[in-house]
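Novice: Residue numbers (my numbering): 5 to 301.
Even glycine gets a Cβ: it sits at the ideal position worked out from N, Cα and C.
I'd like to ask some things about the structure below.
In structure tokens, the structure reads:
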């Protein structure tokens, strides 16, 4: 353990932690050790190595031991740091929101490609916003966009608002609490522009089948179940989103959703059944089927 008569220098601590993390099956063992130690020491990863022979103080060791214990118990390193990068932007995260994944950046790529004139005015609806990662990334990529982001969890909505403000988009992103479309005025009932319809609807809804959640890693199980559980077949939210989305889109507007790698066919069927055209499947960084988009006639 990290105490006793040993002078625990930065390098010794990193080596010890890397070994423990590797033995525990943590993939990026060295990187995570660096991130956690830099967090405790309030420095950059680079600065760890410029002071590699510096002994840690007792308070620093105690704080670091606490983080190591929690990580070995399966808690996400992002939760331990309270931070996760997405689309090159910083986001605060805690146990009330899903940790943004790199594969979700595929949603941003697909949505951005649908708006060749990025500065043109457009209205975007982000369902199940969670941390607000998709909403904020789209606001960055589409300078002419105004975004409504909905979230059923008040705790998650508070995190989303914090991230919107942190990244400087409070004037273009409105976070509303409620289930899917519920917080959005019905078309023709008070929302400004295009009769209350949107040019783009995006969503990364819960899509893991209820019975599967218990089989997932401790790290994933530690994320909010409300952000994971997609019902008995994992497709409950796609049924609802596809059925209602056309009524909120302008003609020619697009629906873009993330889904599980094994859900592409049933999601496509729901798009087609709802009347969407030009339905396209896009693969993520790992070449897995990840995002489906369709156009409202």
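Mind checking residue 174: buried by the 16 CB within 10 Å criterion, or exposed?
Specialist: Start at 1 with the first residue of the chain shown, and residue 174 comes out as number 170. The residue is exposed, with fewer than 16 neighbouring Cβ atoms inside 10 Å.
Novice: Given residue 100, which residues of its chain have a CB within under 7 Å of its CB, disregarding the five upstream and five downstream residues?
Specialist: As a first step, residue 100 must be located in the chain shown, where it is residue number 96. For residue 100, where only same-chain residues beyond five positions count, the Cβ hits under 7 Å are 157, 159, 160, 163, 228.
Novice: Given this structure, state the Cα-to-Cα distance separating residue 234 from residue 294, to the nearest angstrom.
Specialist: Within the chain shown, the letter at position 230 stands for residue 234. Within the chain shown, the letter at position 290 stands for residue 294. In a straight line, the C-alpha of residue 234 is about 16 Å away from that of residue 294.
Novice: In the structure shown, what three-state DSSP assignment does residue 262 receive?
Specialist: Here the question's residue 262 lines up with position 258 in the chain shown. The answer is strand: DSSP assigns residue 262 an E or B state.
Novice: How long is the line joining the alpha carbons of residue 242 and residue 170, rounded to whole angstroms?
Specialist: Locating residue 242 in the chain shown gives position 238, counting from the first residue. Locating residue 170 in the chain shown gives position 166, counting from the first residue. Their backbone Cα atoms lie some 31 Å apart in a straight line.
Novice: Under 7 Å between the Cβ atoms of residue 172 and residue 212?
Specialist: The sequence position of residue 172 within the chain shown is 168, counting from 1. The sequence position of residue 212 within the chain shown is 208, counting from 1. Contact: no.
Novice: Which same chain residues, not among the five before or five after residue 81, have their C-beta less than 8 Å away from its C-beta?
Specialist: If you number the chain shown from 1, residue 81 lands on position 77. Contacts found: 36, 39, 40, 75.
Novice: Ignoring anything shorter than 3 residues, give me the beta strand (DSSP E) runs that lie fully in the segment 235-285, in order along the chain.
Specialist: 253-262
Novice: Let's see if you can read the secondary structure: which residues bound the alpha helix (DSSP H) around residue 70?
Specialist: Within the chain shown, residue 70 is the residue found at index 66, counting from 1. It spans 62-76 - the alpha helix (DSSP H) in which residue 70 sits, taken as one unbroken run.
Novice: Return helix, strand or coil for residue 176, following the three-state DSSP convention.
Specialist: As a working note, residue 176 is residue 172 in the chain shown. Here residue 176 sits in coil by DSSP.
Novice: Run the CB neighbour count on residue 267, radius 10 Å, all protein chains shown included, and call it buried at 16 or more, exposed below.
Specialist: Indexing the chain shown from 1 puts residue 267 at position 263. Residue 267 is buried by the Cβ-count criterion.
Novice: Can you say whether residue 196 is buried or exposed, counting buried as having 16 or more other CB atoms within 10 angstroms of its CB?
Specialist: Reading the chain shown from its first residue, position 192 is the one you call residue 196. At residue 196 the pLDDT is 43, less than 50, meaning the model places this residue with poor confidence; the figure from the coordinates comes in the next sentence. When all chains shown are included, residue 196 counts as exposed.
Novice: What residue from 254, 116, 208, 150 has the CA that sits closest to residue 127's CA?
Specialist: Here the question's residue 127 lines up with position 123 in the chain shown. It is 150.
Novice: Taking all protein chains shown into account, decide if residue 334 is buried (16 or more other Cβ within 10 angstroms of its Cβ) or exposed.
Specialist: Missing from the structure shown is residue 334; the chain here goes from 5 to 301 and no further.
Novice: Since residue 158 is in the alpha helix (DSSP H), which residue starts that stretch and which ends it?
Specialist: Locating residue 158 in the chain shown gives position 154, where the first residue counts as 1. 158-170 is the span of the alpha helix (DSSP H), which, as asked, contains residue 158.
Novice: Output needed for residue 180: all residues of its chain with C-beta closer than 8 Å, excluding positions within five of it in sequence on either side, in chain order.
Specialist: Numbered from its first residue, the chain shown carries residue 180 at position 176. Taken in chain order, the residues that qualify are 152, 153, 154, 155, 161, 187, 188.
Novice: Can you tell which of 176, 144, 222, 205 has its C-alpha closest to the C-alpha of residue 91?
Specialist: For the purposes of this step, residue 91 is taken as the residue at position 87 of the chain shown. Residue 144 is the option with its Cα nearest to residue 91.
Novice: What is the rounded straight-line gap between the Cα of residue 34 and the Cα of residue 110?
Specialist: As a position in the chain shown, residue 34 is number 30, starting the count at 1. As a position in the chain shown, residue 110 is number 106, starting the count at 1. Straight-line Cα distance between these residues: approximately 27 Å.
Novice: Excluding five sequence neighbours on each side, which residues of the same chain lie with their C-beta closer than 6 Å to the C-beta of residue 178?
Specialist: Here the question's residue 178 lines up with position 174 in the chain shown. For residue 178, where only same-chain residues beyond five positions count, the Cβ hits under 6 Å are 152.
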